[in-house]
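Q: Read in order, the letters of the sequence shown are residues 1 to 137 in full-length UniProt numbering.
Backbone N, C-alpha and C define an ideal beta-carbon position, used for all residues, glycine too.
Source: prediction; values computed, not measured.
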Amino acid sequence: MRSCFHLAYHVTDLDEARAFYGGLLGCPEGRSTGTWVDFDFFGHQISLHLGEPFKTTNTGKVGDHMVPMPHLGVVLGMDDWQSLADKLTTAGIEFVLPPSVRFKGEPGEQSTMFFRDPSGNPIEVKGFKDTSGVFAA
1 MRSCFHLAYH VTDLDEARAF YGGLLGCPEG RSTGTWVDFD FFGHQISLHL
51 GEPFKTTNTG KVGDHMVPMP HLGVVLGMDD WQSLADKLTT AGIEFVLPPS
101 VRFKGEPGEQ STMFFRDPSG NPIEVKGFKD TSGVFAA
């Protein structure tokens, strides 16, 4: 059974969050109050609440890279991934890990990129040519 997830976390500024998640990433805005806002994050619900963002450290070893932990992520088809990578690059986003391919030629080959929202929350976006490889061993 497939379902969408819900994740709530802190941001420091709702207007910046709206510009980033809604404007740049293209996530439709849902309900909101003066202290939080919901977004449709590629088919999943995120709720961004005013507060102190969680602490992250670059302790996740993936291939040759150390990536921020914890982090939010989403898996897209390759066309959508490439479109988003191009949009973020054009916008001058500072990448933690720029758009690249990892595990090339192996089961689970994927494109990936890491970046942070304006509050410093890390986000990973993966792209798969064939999403059946998401759980490849």
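So what's residue 87 in DSSP terms, helix, strand or just coil?
A: For residue 87, the three-state secondary structure derived from DSSP is helix.
Q: Within the continuous beta strand (DSSP E) that includes residue 29, where are the two ends?
A: 29-32
Q: Please give me, in chain order, every unbroken run of the beta strand (DSSP E) with length at least 3 that falls completely inside the UniProt domain "VOC" (3-128).
A: 6-11, 29-32, 36-41, 44-50, 57-62, 65-69, 72-77, 95-102, 110-116, 122-128
Q: Using only the alpha-carbon positions, how far apart do residue 58 and residue 114 sit?
A: 12 Å
Q: With a threshold of 7 Å on Cβ separation, who are the neighbours of residue 98 within its own chain once the five nearest residues in sequence on each side are excluded?
A: 113
Q: Who are the near neighbours of residue 127 in its chain, counting only those whose CB is closer than 6 Å to its CB and skipping five residues on each side?
A: 76, 78, 81, 111
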